[in-house]
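Those protein sequence lines, which keep their order, are chains B and W.
Per numbering that gives the first Met the number 0, the very first residue in the first sequence carries number 0; after that it's consecutive.
Per numbering that gives the first Met the number 0, the very first residue in the second sequence carries number 0; after that it's consecutive.
These notes are about the structure you will find just below.
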Amino acid sequence: MGSSAGEWSAEQIDDYETLISTTDVELLKKAWRNEKVSPEILPFEEALVKRAKEQIQLMEETVDDFVESGHDPLIASLYQMDLDRAQFLLRSYLRVRLQKIEKFMFYIWKTDTYRNRLSMEEEKFTERCIRDIGKHLEETVLSNLPDNYQSVLNQSVISEEDDMVPEPLLDTFVVAKCERTTRPLYLDGSRQSTGFDSRDDHFLMVPGDLCILRYRPFQEELMSGNISLV
Amino acid sequence: MHGRKAYELVKEFSSGEKGHLNIFNNELFERVIEECNEHHNAFQSLIRKMQEEGLEVQTAKNADHYGALIHHISLIRNKRCLMAYVYNRAEIIRDLAWKVGLLHELPREIQEKFSDSEEHYFKDHSKSLKLYMSQLSLDVNVDMVPPKDPYIKVRVLEDLGSGIILSDKSANFARHSMHFLKRTDVEQYIARGLMEELTG
Numbered sequence: 000m001g002s003s004a005g006e007w008s009a010e011q012i013d014d015y016e017t018l019i020s021t022t023d024v025e026l027l028k029k030a031w032r033n034e035k036v037s038p039e040i041l042p043f044e045e046a047l048v049k050r051a052k053e054q055i056q057l058m059e060e061t062v063d064d065f066v067e068s069g070h071d072p073l074i075a076s077l078y079q080m081d082l083d084r085a086q087f088l089l090r091s092y093l094r095v096r097l098q099k100i101e102k103f104m105f106y107i108w109k110t111d112t113y114r115n116r117l118s119m120e121e122e123k124f125t126e127r128c129i130r131d132i133g134k135h136l137e138e139t140v141l142s143n144l145p146d147n148y149q150s151v152l153n154q155s156v157i158s159e160e161d162d163m164v165p166e167p168l169l170d171t172f173v174v175a176k177c178e179r180t181t182r183p184l185y186l187d188g189s190r191q192s193t194g195f196d197s198r199d200d201h202f203l204m205v206p207g208d209l210c211i212l213r214y215r216p217f218q219e220e221l222m223s224g225n226i227s228l229v
Numbered sequence: 000m001h002g003r004k005a006y007e008l009v010k011e012f013s014s015g016e017k018g019h020l021n022i023f024n025n026e027l028f029e030r031v032i033e034e035c036n037e038h039h040n041a042f043q044s045l046i047r048k049m050q051e052e053g054l055e056v057q058t059a060k061n062a063d064h065y066g067a068l069i070h071h072i073s074l075i076r077n078k079r080c081l082m083a084y085v086y087n088r089a090e091i092i093r094d095l096a097w098k099v100g101l102l103h104e105l106p107r108e109i110q111e112k113f114s115d116s117e118e119h120y121f122k123d124h125s126k127s128l129k130l131y132m133s134q135l136s137l138d139v140n141v142d143m144v145p146p147k148d149p150y151i152k153v154r155v156l157e158d159l160g161s162g163i164i165l166s167d168k169s170a171n172f173a174r175h176s177m178h179f180l181k182r183t184d185v186e187q188y189i190a191r192g193l194m195e196e197l198t199g
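Now the structure itself:
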């Protein structure tokens with residue numbers, strides 16, 4: 000990659016950026032950002048979390064060795080800071096998910112799409128949360144009410160659906176950045192038909208676009224990785 | 000007036016400081032429950048009256064039908080208010096479990112505001128969180144803010160002796176002593192008011 004000493008060619012910069020953007024730290028950062036901004040719980044990044052845990056453990060051992068062997072303390076504390084940052088990302092990612100579960104536990108439990116997005120430990124956690132709050136609500140409120148009104152999920156037995164379950168608000172606005180060109184879609188949520196379409200009010204994003212938009216119509220684009228949230 | 004007491008209950012909750020609990024208003028709570036049962040009795044007697052008159056309960060739209068409907072609607076409104084009161088308090092209790100450190104004793108002023116069931120809920124929820132963390136062998140409730148420095152200066156506010164476990168050294172934590180410690184070790188003590196961070 001011949002270039003004048005000390006300067007990077009455009010090619011090198013591209014390569015470097017591609018390399019950086021696929022490191023685990025970047026992937027974790029992206030997963031963390033998406034999870035933080037999205038109103039619903041996103042699929043659990045099982046492989047990524049596992050790798051991140053292993054790498055953090057490796058780093059911890061390295062830093063411990065450095066400290067013990069009396070290696071340059073500045074380097075050791077730089078590694079330590081890097082380690083702390085990675086740990087923060089991982090913990091915050093898991094924490095945000097737990098807090099979403101706490102907020103929408105009933106809805107997540109009864110909606111298969113969401114339930115399948117939980118890790119095994121999160122599923123157990125959800126179950127326990129439901130059991131705990133169910134017990135608490137039952138003792139305090141429900142057991143004291145007349146018979147037909149004792150359910151925690153609906154107002155009374157004549158309700159047509161579970162109307163006491165809070166749902167995530169999918170129509171909130173989020174800021175999204177485009178990574179890959181999205182499929183064109185109409186902002187009212189309908190898809191473009193395959194034939195020639197006379198409607199020209201469809202919307203698509205190209206890489207580099209930064210937009211504020213409602214979350215719901217863009218769920219699929221987020222899942223496929225075409226956009227990411229900021 | 001239907002629903003007024005339930006409204007008062009919810010208003011009391013929402014007029015409190017955000018994130019803080021008032022003492023559990025047992026008296027008002029019980030009165031709303033009583034009201035629910037009164038509504039239910041009135042509802043049932045109206046339905047019985049209609050049945051005795053040989054009227055089809057669902058379709059005969061006379062005064063009794065509407066009277067019963069109003070009792071039913073008032074009842075579910077009271078139920079919603081009661082559930083909202085308890086559920087929102089439970090949300091605050093969960094936040095406390097995250098902040099203060101699981102299963103540790105809450106300060107007395109906060110503990111007094113819980114009802115009995117809420118105390119149990121706090122313990123149950125702390126246990127669920129602890130179980131999750133032990134399954135992952137990862138503490139999720141430290142590092143609550145992004146790290147700037149791995150070590151921070153703290154002053155000890157209460158006499159802790161040497162009863163703290165630190166990851167890399169031990170020291171004597173007498174009151175007012177200052178130390179330069181790892182942030183992850185001391186976060187919990189700061190949250191519980193036993194230490195304070197010295198900035199600047």
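Using N, Cα and C, we set each Cβ at its ideal position, and we do this for glycine too.
Using a 10 Å radius around the Cβ and a threshold of 16 neighbouring Cβ atoms, would you call residue i buried or exposed?
i, result
"W/V99", "buried"
"W/E117", "buried"
"B/M222", "exposed"
"B/F195", "In this prediction, B/F195 has a pLDDT of 45, which is less than 50 and means its spatial position is unreliable; what the coordinates show is noted afterwards. The residue in question, B/F195, is exposed, as its Cβ has fewer than 16 Cβ neighbours within 10 Å."
"B/M163", "buried"
"B/T181", "buried"
"W/M177", "exposed"
"W/Y84", "buried"
"B/E53", "exposed"
"W/K17", "exposed"
"W/F201", "With chain W covering only 0 through 199, there is no way to say anything about residue 201 of chain W."
"B/K109", "exposed"
"W/Y65", "exposed"
"W/N61", "exposed"
"W/Q187", "buried"
"B/L88", "buried"
"B/L209", "exposed"
"W/N140", "buried"
Cβ closer than 9 angstroms: which chain B residues qualify as neighbours of residue i?
i, result
"W/R114", "In the sequence on display, residue 114 of chain W carries Ser and not Arg. Near W/S114 (Cβ distances below 9 angstroms), the residues of chain B are T139."
"W/N61", "Ordered by position in chain B, no residue passes the 9 angstroms Cβ test against W/N61, which lies about 20 angstroms from the chain."
"W/L95", "Here the premise fails: no neighbours, minimum Cβ distance about 13 angstroms."
"W/D184", "Those within 9 angstroms of W/D184 in chain B number zero; the least Cβ separation is about 12 angstroms."
List, in order along the chain, the chain B residues whose C-beta lies closer than 7 angstroms to that of residue i?
i, result
"W/A89", "I132, H135"
"W/N36", "P145"
"W/H39", "P145"
"W/V9", "Under the 7 angstroms cutoff, chain B gives no residues; its nearest Cβ is about 13 angstroms from W/V9."
Which residues of chain W have a Cβ atom closer than 8 angstroms to the Cβ of residue i, listed in chain order?
i, result
"B/Q154", "I75, K78, R79"
"B/M58", "Residues of chain W passing the Cβ test: none, with the nearest at roughly 13 angstroms."
"B/R114", "Those do not exist, as B/R114 stays about 16 angstroms from chain W at its closest Cβ, beyond 8 angstroms."
"B/L97", "L128, Y131, V139"
Please list the partners that residue i has in chain W, where partner means a Cβ-to-Cβ separation under 7 angstroms.
i, result
"B/F124", "S127, Y131"
"B/N143", "I32"
"B/M104", "Near B/M104 there are no residues of chain W at all, since even the closest Cβ is about 11 angstroms away, more than 7 angstroms."
"B/R246", "The first residue shown for chain B is 0 and the last is 229, placing residue 246 of chain B beyond what the model contains."
"B/E120", "Y131, Q134, L135"
"B/L209", "What B/L209 touches in chain W: nothing, since even the nearest Cβ is about 23 angstroms away."
Given residue i, which residues of its chain have a CB within under 8 angstroms of its CB, disregarding the five upstream and five downstream residues?
i, result
"W/A59", "M49"
"W/I189", "V153, E195, E196"
"B/E122", "R114"
"W/L105", "L95, V99, F121"
"W/K112", "L20, N21, I22, F23"
"W/H71", "H38, F42"
"B/G133", "V151"
"W/C80", "G2, A5, Y6, L8, V9, V31"
"W/N87", "F12"
By Cβ distance, which residues of its chain are closer than 7 angstroms to residue i, with the 5 residues on each side in sequence left out?
i, result
"B/T193", "With a pLDDT of only 48 at B/T193, under 50, the local geometry of the prediction cannot be trusted, and no value is derived from it."
"W/Y120", "A89, I92"
"W/E157", "R174, L193"
"B/C128", "I100, E101, M104"
Just to make sure I have the definition right: I need the residues of chain W whose C-beta is within less than 9 angstroms of the C-beta of residue i. Which are they?
i, result
"B/E159", "What B/E159 touches in chain W: nothing, since even the nearest Cβ is about 13 angstroms away."
Looking only at its chain, what residues have a beta carbon closer than 6 angstroms to the beta carbon of residue i, apart from the 5 residues adjacent to it on each side?
i, result
"B/R215", "L169, D170"
"B/V36", "V173, L228"
"W/R76", "G2"
"B/G1", "In this prediction, B/G1 has a pLDDT of 47, which is less than 50 and means its spatial position is unreliable; what the coordinates show is noted afterwards. Closer than 6 angstroms at Cβ, skipping near neighbours: no residue."
"B/E39", "P167"
"W/K78", "none"
Which residues of chain B have a Cβ atom closer than 8 angstroms to the Cβ of residue i, listed in chain order?
i, result
"W/Y120", "D131, I132, K134, H135"
task: Evaluate contact between the stretch 117-132 of chain B and the stretch 35-51 of chain B, counting only Cβ atoms and requiring at least three cross-stretch pairs below 8 angstroms.
output: yes
Stretch-stretch touch, CB-based, cutoff 8 angstroms, three pairs: the stretch 202-210 of chain B with the stretch 166-183 of chain B: yes
task: Just list the alpha helix (DSSP H) runs in the stretch 61-117 of chain W, keeping only unbroken ones of 4 residues or longer that don't cross its boundaries, in chain order.
output: 62-99, 107-110
- prompt: Which runs of the alpha helix (DSSP H) fall wholly inside the stretch 119-180 of chain B and span at least 4 residues, in chain order?
  reply: 119-139
- prompt: Between the stretch 64-74 of chain B and the stretch 136-150 of chain B, do three or more beta carbon pairs fall short of 8 angstroms?
  reply: In short, these stretches do not touch, since the Cβ pair count stays below three.
field: Three or more C-beta pairs below 8 angstroms linking the stretch 47-65 of chain B and the stretch 0-13 of chain W
entry: no
- prompt: Can you list, in chain order, the stretches of the alpha helix (DSSP H) that have 4 or more residues and sit fully within the stretch 68-113 of chain B?
  reply: 72-109
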